[in-house]
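> Residue numbers (this note's numbering): 5 to 93.
A virtual CB, placed ideally from N, CA and C, is assigned to each residue, including glycine.
1. Could you tell me which of 18, 29 and 73 sits nearest to residue 45, measuring between CA atoms?
2. Do residue 40 and residue 69 have their C-beta atoms closer together than 9 Å?
3. Can you give the beta carbon distance from residue 77 to residue 36, rounded, assuming they're within the 8 Å contact cut?
4. Taking just the CA atoms, how far does residue 24 sit from residue 79?
5. Determine the extent of the alpha helix (DSSP H) in which residue 17 is found, giving its start and end residues.
6. CA-CA distance, residue 38 and residue 31?
7. Which of helix, strand or coil does DSSP assign to residue 70?
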């Protein structure tokens, strides 16, 4: 591999529409992540901390909460895909 072949990577064209779509996906993922974090923390972790680490009950609660949240999001995505736009006739 020569330096000239590495230089071609820096000049690769990126479709602006693809970049915008990728940014929207990252924003959507971060929004979902933050909602899960907030929801499960409020539900499972008391505000009066007694220990620096999660105890077993808090940890299990968070695992279940995240699992349910992710499962629900997958179900919604599946239903949206099934009921997606109808191609024009």
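According to the structure data:
1. Indexing the chain shown from 1 puts residue 45 at position 41. Looking at the Cα atoms, 73 is the closest of the given residues.
2. For the purposes of this step, residue 40 is taken as residue 36 along the chain shown, with counting starting at 1. For the purposes of this step, residue 69 is taken as residue 65 along the chain shown, with counting starting at 1. Yes; because the gap between Cβ atoms is below 9 Å, this pair is in contact.
3. Sequence index remark: in the chain shown, residue 77 carries index 73 (1-based). Sequence index remark: in the chain shown, residue 36 carries index 32 (1-based). So it is a contact: roughly 7 Å between Cβ atoms.
4. On the chain shown, position 75 is the one that residue 79 refers to. On the chain shown, position 20 is the one that residue 24 refers to. The straight-line gap from Cα to Cα measures roughly 26 Å.
5. Stepping through the chain shown from its first residue, residue 17 is reached at position 13. That residue, residue 17, is in no alpha helix (DSSP H); it is neither H nor E in DSSP.
6. Locating residue 38 in the chain shown gives position 34, counting from the first residue. Locating residue 31 in the chain shown gives position 27, counting from the first residue. Cα to Cα, the separation comes out at about 10 Å.
7. As a first step, residue 70 must be located in the chain shown, where it is residue number 66. Three-state result, residue 70: helix.
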